[in-house]
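The structure appears right after this line, and notes come after that.
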Amino acid sequence: MRTLSKETLEKYENLKSNNTYENVVSFVISFISEYRGKQGFYEYFSLFGSCCKVHYRGYFNKFIFQENRSDIPNKKLVFKVNSVASVELPTKRFEGVDKFTKSIYEDIKRRAPKDIDKGLIAELKQYLNPYFDLKDIRVTIRPRWRYKIAIDDYFFD
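Read in numbering that gives the first Met the number 0, the sequence shown has 145 at position 146, and its numbers run on one by one without any break.
Spelled out as structure tokens, the structure:
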């Protein structure tokens, strides 16, 4: 488990001594707001007669609680998060590179949030387990994507 900020730790201590729904929500919002996550994937491709490894990742930070989209009395919490889909390519000099990177970005957008959600919820459950059952709250994460591409043109050095 990661180290909590002083503010979140205070909310956790308050929750442990008085596990009201309001204290649980306050802790969950604080916990998720300071969460950071990343998920990485590798794929291998044939390019110019060689086998190339493409590394791609999804980064998630700056989770922001959206009070206007949340419904606290009905146990629904919504967060937007800054997300970066990052691809490392061995070169950009091949036919269909734009279509290829677009498909990789779509794969990141599809796979990474699910993996980050699992990690986030699993860690949150470790804190809440003796005090509150997290399945009673629905947490929705809404990524706002940016795209980043890194090229290591080692084929043409």
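Ideal Cβ placement from N, Cα and C applies to all residues, glycine included.
{"Check": "Within a Cβ cutoff of 8 Å, which residues of the same chain sit near ARG145, ignoring the five residues on either side of it in sequence?", "Outcome": "ASN81, SER82, VAL83, ALA84"}
{"Check": "Out of ASN18, PRO129, VAL23, which has the shortest C-alpha to C-alpha gap to ILE71?", "Outcome": "VAL23"}
{"Check": "If LYS10 and SER25 are in contact, beta carbons under 8 Å, what's the gap, nearest whole angstrom?", "Outcome": "5 Å"}
{"Check": "Where TYR58 and ILE140 are concerned, what is the direct C-alpha to C-alpha distance, given to the nearest angstrom?", "Outcome": "13 Å"}
{"Check": "Going by DSSP, what residue range makes up the beta strand (DSSP E) through THR139?", "Outcome": "137-150"}
{"Check": "What number of angstroms, rounded off, separates the C-alpha of TYR41 from the C-alpha of ASN18?", "Outcome": "42 Å"}
{"Check": "Grab the span of the alpha helix (DSSP H) containing TYR20 for me, first residue to last.", "Outcome": "20-32"}
{"Check": "Looking at the structure shown, is TYR126 part of a helix, part of a strand, or coil, going by DSSP?", "Outcome": "helix"}
{"Check": "Identify whether GLY39 lies in helix, strand or coil by the three-state DSSP scheme.", "Outcome": "strand"}
{"Check": "Short check: CB of ILE148 to CB of VAL53, under 8 Å?", "Outcome": "no"}
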